[in-house]
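*Asks:* In terms of UniProt numbering, the sequence shown opens at residue 1 and continues consecutively.
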Amino acid sequence: MSERKNRASKEMVNSMLFYSGLSEGFWGEAMLMACYLLNRGCWAFVRLPEPKKKILGEKGIDCIFIGYVEYSKAYWFYVIEPNDFISVNSVIESRDAIFDESRFSSIPRPKDIISTFNGTQGGDLPCETPIEIPEP
């Protein structure tokens, strides 16, 4: 399993360097970016901080890992299983999480909406009409 991930990372690095025209001296930066791109979307169990824990019951919530916080040693998580203190569809920051890298998100997406312009009427701004795109 790890050999497959290493190969995928190496192929991404080679592709990035080739298409960008950069020398092999930028291999380290390309590898960091490849790992950053590959590690999105896995499930995580985020432990709740002390004030938000219940005496009995849940000690954390299910989330999806979405990235790294730039200004601290923490992670960004998208909440998919809410509780009394944290609502669903919110993004939280935490350092205390258990990652399940074998399980990736499969959350149903909301319907895509595209705005189209119907033209202008008497110098007004264009009217926007949302169009729903059927899912395949």
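In this text, a Cβ means the ideal position worked out from N, Cα and C, and glycines have one as well. The structure presented is a predicted model; accordingly, all values stated were derived computationally and were not measured.
Over what stretch of residues does the beta strand (DSSP E) that includes TYR75 continue unbroken?
*Replies:* Numbered from 1 along the sequence shown, position 75 holds the residue referred to as residue 75. Unbroken beta strand (DSSP E) run through TYR75: 75-79.
*Asks:* Straight-line CA distance for ASN89 to ILE80?
*Replies:* Position 89 of the sequence shown, counted from the first residue, corresponds to residue 89. Position 80 of the sequence shown, counted from the first residue, corresponds to residue 80. Using only the alpha carbons, I get a separation of about 6 Å.
*Asks:* Between MET31, LEU32 and ASP62, which has its C-alpha nearest TRP43's C-alpha?
*Replies:* As a first step, residue 43 is located in the sequence shown; it is residue number 43 there, counting from the start. When only C-alpha atoms are compared, the closest one is ASP62.
*Asks:* List the endpoints of the continuous alpha helix (DSSP H) containing GLY21.
*Replies:* The residue you call residue 21 lines up with position 21 of the sequence shown. From DSSP, GLY21 is part of no alpha helix (DSSP H); its letter is neither H nor E.
*Asks:* Looking at C-alpha atoms only, which residue of TYR75, ALA34, ILE92 and SER20 is the closest neighbour of PRO82?
*Replies:* In the sequence shown, counting from the first residue as 1, residue 82 sits at position 82. Of the candidates TYR75, ALA34, ILE92 and SER20, the one whose C-alpha sits nearest the C-alpha of PRO82 is ILE92.
*Asks:* What residue range is occupied by the uninterrupted beta strand (DSSP E) comprising GLY67?
*Replies:* Here residue 67 is taken as the residue at index 67 of the sequence shown, counted from 1. Its beta strand (DSSP E) spans residues 60-68.
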